[in-house]
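Asker: Handing you a structure now.
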Amino acid sequence: MAPGAARRARRRVRGALPAGARARSAEDWWWDQLAPSGSGYHLLQSDSMLLVLPGPGPARTRVQRRAARRTQRLLPPASRASAAKAAKARPRAAPAPEPQQGPDPGWGDRIPLEILLQIFGLLVAADGPMPFLGRAARVCRRWHEAASQPALWHTVTLSPPLAGRLAKSGAKAEKKVLDSLEWLMPNRFSQLQRLTLIHWKSQLVSESCPRLTFLKLSDCHGVTPDTLVMLAKACPQLHSLDIQHSMVESTAVVNFLEEAGPRMRKLWLTYSSQTTAILGALLGSCCPQLQVLEVSTGINRNSTPLQLPVEALQKGCPQLQVLRLLNLMWLPKPPGRVVTPGPGFPSLEELCLAGCTCSFVSNEALGRLLHGSPHLRLLDLRGCARITPAGLHDLPCQELEQLHLGLYGMSDRLTLAKEGSHLLTQKWRHTLRELDLSGQGFSEKDLEQALATFSATPGGSPPALCSVNLRGTRVTPSTVSSVISSCPGLLYLNLESCRCLPRGLKRAYRGQEEVQWCLEQLLTSLPSSS
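Take 1337 as the starting number for the sequence shown in the working numbering and just add one per residue.
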């Protein structure tokens, strides 16, 4: 190589830039010439040209830059020269002033307190005040003021996730949470009305809850008699106690009822060997204003039947409106040699004796319970296979709205009644809204006669029936179509395991559209089935 050529080659290598830097620099130069940074213009590529438009535009991507280069090559030399001259002649705009640095109060501080309270109220009604209000109070001063309003702390639930974190983090975290709750009690719980404690000790409730009306202890252990008595004295408005699924001594409950009995309205219990002592306190008229009494079994069912002195309970709780004995094996205590009917429950509106095990409830026991209850609205006898339509027909209640007679898991169908269902529909066809005959052994003709009652409602007004459960019965397609046609307000129809219906229709229908679809299918299948 000649000396001159070697020097020129070394000069080119020494002054050259990397290939990527050269391409990137030329590309940036082209974009800066057409739309300089801060000029208020941006580039927009079309099919055959590149436009320079006023206004801020999006950041240039690599794809846009490549498209710009391709468009530049497609332009004739004269157009490229004129575009370059126009870009050079256009004056550069002054850079935009930087925004002033300072704290921005944000939209949270600009919301009126009344509107913020309504928003917080909706969230609290859906998920409870904890932990939302505690986190919202740390957002800003306005949110702290809204989260501190006592009206948002009417209902509080100390839920299992809190207890789960305590078990993992140890005694230090437990002490921290307990200290927080001790601060919440006097500062936030002055308006507390409903409190649910799950996996907690009831010592957390103190004199700081003077307006407490409802207390629920779920899976709580170590509740002492002194604790419940202290609650009864410190909360003069407490009238509802739910201790289902909690380990509470019977002496603690009895002492509580003796202190707060005159104002007690609602009581929920779990049946155990200690339930007899609590019922004994109720029979002694310690709660004359009791309106709701529910006794149910826990996870471990107790096989010992509960003997309930019906007449004594009617005397001890004359204001009872709701009586639920759920999943219990119970039987009324024999009345003795002299059969004298009790005073009854004149205010009773709901009686639930549902259970999935063998039931000893008979027509005679049901008559002793309801002989003085003319205002009964709901009667749930699911699993009570010994109750017959004739026994129900003799009850004094004339405006029953919900009747549940479903039998689930009953294998001995030979003892079930085969007829008499029409006695039920004829008695309550004016007011009945929900009817459950699941698993009953009524014949096809008997069911047809019973359900045809709803199509012959006098006065021209349609029946009030909106829910029918005929699961596992011998109902026919013509009977079902008659019920749907006669009850325009029917919203639920259960036809599962109905042996007389065609295939494809044995399912539950929810909503008016599905029920009407069932009617169309039944009307289509009627000619072929005849």
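Positions of the beta carbon are idealized from the N, C-alpha and C atoms, including for glycine. Keep in mind that this is a model prediction, so the values were computed, not measured.
Could you please give me the residues that DSSP links to Lys1602 through a beta bridge?
Answerer: Stepping through the sequence shown from its first residue, residue 1602 is reached at position 266. Paired residues: Ser1576 and Val1628.
Asker: Can you name, in chain order, every residue of its own chain whose Cβ lies under 7 angstroms from the Cβ of Leu1859, other than the five neighbours on each side?
Answerer: One-based indexing of the sequence shown puts residue 1859 at position 523. Correct list, in chain order: Ser1817.
Asker: Which term fits Leu1449, buried or exposed, when burial requires 16 or more other beta carbons within 10 angstroms of its beta carbon?
Answerer: Taking the sequence shown and counting its residues from 1, the one referred to as residue 1449 is at position 113. That one is exposed.
Asker: With distances taken Cα to Cα, identify the nearest neighbour of Leu1664 among Phe1592, Ile1534 and Val1697.
Answerer: Counting from 1 along the sequence shown, the entry for residue 1664 is found at position 328. When each option's Cα is compared against that of Leu1664, the closest is Val1697.
Asker: Report yes if the CB atom of Val1868 is closer than 8 angstroms to the CB atom of Leu1829, and no otherwise.
Answerer: Since the first residue shown for the chain is 1337 and the last is 1866, residue 1868 is missing from the structure and cannot be characterised.
Asker: By the three-class DSSP mapping on this structure, what secondary structure does Lys1669 have?
Answerer: Residue mapping note: residue 1669 aligns to position 333 of the sequence shown, counting from 1. Three-state DSSP puts Lys1669 in coil, outside helix and strand.
Asker: Quick check on this structure: which residue in Pro1624, Val1804, Leu1760 and Gly1558 has the alpha carbon closest to the alpha carbon of Glu1770?
Answerer: By 1-based counting over the sequence shown, the position of residue 1770 is 434. Glu1770 has its Cα closest to that of Val1804, out of Pro1624, Val1804, Leu1760 and Gly1558.
Asker: Helix, strand or coil, according to DSSP, for Arg1835 in the structure here?
Answerer: For the purposes of this step, residue 1835 is taken as the residue at position 499 of the sequence shown. In this structure, Arg1835 counts as coil in the three-state DSSP scheme.
Asker: Give the straight-line distance between the Cα atoms of Leu1689 and Leu1739, rounded to the nearest whole angstrom.
Answerer: Working through the sequence shown from its first residue, we reach residue 1689 at position 353. Working through the sequence shown from its first residue, we reach residue 1739 at position 403. Rounded to the nearest angstrom, the two C-alpha atoms are 12 angstroms apart.
Asker: Where do the N-terminal and C-terminal ends of the beta strand (DSSP E) with Ser1683 fall, by residue?
Answerer: Residue 1683 sits at position 347 when you count from the first residue of the sequence shown. Run containing Ser1683: none; DSSP gives neither H nor E here.
Asker: I'd like the list of long-range same chain contacts for Thr1767, defined as Cβ closer than 7 angstroms, with 5 residues on each side in sequence excluded.
Answerer: As a position in the sequence shown, residue 1767 is number 431, starting the count at 1. If we look at Thr1767 and ignore the five residues flanking it on each side, its Cβ neighbours are Glu1735, Leu1736, Glu1737 and Ala1800.
Asker: In this structure, does DSSP put Val1646 in helix, strand or coil?
Answerer: Here residue 1646 refers to the residue found at position 310 when the sequence shown is read from its first residue. If DSSP states are grouped into helix, strand and coil, Val1646 belongs with the helices.
Asker: Assuming Trp1604 and Asp1562 form a contact by the criterion Cβ under 8 angstroms, report the distance between their Cβ atoms to the nearest whole angstrom.
Answerer: Against the sequence shown, residue 1604 aligns to sequence position 268. Against the sequence shown, residue 1562 aligns to sequence position 226. With a Cβ gap of about 22 angstroms, Trp1604 and Asp1562 do not count as contacting.
Asker: I'd like the span of the alpha helix (DSSP H) that includes Thr1532, first residue to last.
Answerer: Translated into the one-based positions of the sequence shown, residue 1532 becomes position 196. Careful: Thr1532 lies outside any alpha helix (DSSP H), inside the beta strand (DSSP E) at Arg1530 to Ile1534.
Asker: According to DSSP, is Ala1844 helix, strand or coil?
Answerer: By 1-based counting over the sequence shown, the position of residue 1844 is 508. Strand at Ala1844.
Asker: Could you check what DSSP says for Pro1496 in three-state terms: helix, strand or coil?
Answerer: Numbered from its first residue, the sequence shown carries residue 1496 at position 160. A caution first: Pro1496 carries a pLDDT of 48, below 50, which makes its placement in the model too unreliable to give a value.
Asker: Considering just the uninterrupted stretch of the alpha helix (DSSP H) at Phe1525, what are its terminal residues?
Answerer: Here residue 1525 is taken as the residue at index 189 of the sequence shown, counted from 1. Neither: Phe1525 is in no alpha helix (DSSP H) and is coded neither H nor E.
Asker: Run the CB neighbour count on Thr1815, radius 10 Å, all protein chains shown included, and call it buried at 16 or more, exposed below.
Answerer: Here residue 1815 corresponds to residue number 479 of the sequence shown, with the count starting at 1. Burial call: buried.
Asker: Just to confirm, are Cys1653 and Leu1615 a CB contact at a threshold of 8 angstroms?
Answerer: Taking the first residue of the sequence shown as 1, we reach residue 1653 at position 317. Taking the first residue of the sequence shown as 1, we reach residue 1615 at position 279. It is not a contact, given that the beta carbons lie outside the stated cut-off.
Asker: Taking the beta strand (DSSP E) that Asn1699 falls in, what are its first and last residues?
Answerer: To locate residue 1699, count along the sequence shown from 1; it is residue 363. Not the beta strand (DSSP E): Asn1699 falls in the alpha helix (DSSP H), residues Asn1699 to Leu1706.
Asker: Does DSSP classify Ala1345 as helix, strand or coil?
Answerer: As a position in the sequence shown, residue 1345 is number 9, starting the count at 1. In this prediction, Ala1345 has a pLDDT of 49, which is less than 50 and means its spatial position is unreliable; what the coordinates show is noted afterwards. In the structure shown, Ala1345 sits in a helix (DSSP, three-state: H, G or I).
Asker: Would a C-beta distance cut-off of 8 angstroms place Cys1556 and Gly1597 closer than the cut-off?
Answerer: Here residue 1556 corresponds to residue number 220 of the sequence shown, with the count starting at 1. Here residue 1597 corresponds to residue number 261 of the sequence shown, with the count starting at 1. Taking 8 angstroms as the Cβ cut-off, Cys1556 and Gly1597 do not qualify as a contacting pair.
Asker: Identify which residue in Ser1632, Lys1602 and Asn1591 has its Cα closest to the Cα of Ala1613.
Answerer: Counting from 1 along the sequence shown, the entry for residue 1613 is found at position 277. Ranking the options by Cα distance to Ala1613, first place goes to Asn1591.
Asker: Let's see if you can read the secondary structure: which residues bound the beta strand (DSSP E) around Glu1770?
Answerer: As a first step, residue 1770 is located in the sequence shown; it is residue number 434 there, counting from the start. Unbroken beta strand (DSSP E) run through Glu1770: Glu1770 to Asp1772.
Asker: Is the separation between the beta-carbon of Ser1632 and that of Thr1606 shorter than 8 angstroms?
Answerer: Mapped onto the sequence shown, residue 1632 falls at position 296. Mapped onto the sequence shown, residue 1606 falls at position 270. Contact flag set, yes.
Asker: First and last residue of the beta strand (DSSP E) that includes Arg1471?
Answerer: Taking the first residue of the sequence shown as 1, we reach residue 1471 at position 135. No beta strand (DSSP E) contains Arg1471, which is instead part of the alpha helix (DSSP H) from Phe1468 to Ala1472.
Asker: Label Glu1849 either buried or exposed according to how many other C-beta atoms from any shown protein chain fall within 10 Å of its C-beta, with 16 as the threshold for buried.
Answerer: The sequence position of residue 1849 within the sequence shown is 513, counting from 1. Glu1849 should be labelled exposed.
Asker: I'd like to know whether the C-beta atoms of Gly1808 and Asp1772 end up nearer to each other than 8 angstroms.
Answerer: In the sequence shown, the residue the question calls residue 1808 occupies position 472. In the sequence shown, the residue the question calls residue 1772 occupies position 436. Contact flag unset, no.
Asker: Assuming Gln1738 is part of the beta strand (DSSP E), what are its boundary residues?
Answerer: Start at 1 with the first residue of the sequence shown, and residue 1738 comes out as number 402. Gln1738 -> beta strand (DSSP E) spans Gln1738 to His1740.
Asker: Classify Thr1587 as helix, strand or coil using the three-state DSSP reduction.
Answerer: Translated into the one-based positions of the sequence shown, residue 1587 becomes position 251. Here Thr1587 sits in helix by DSSP.
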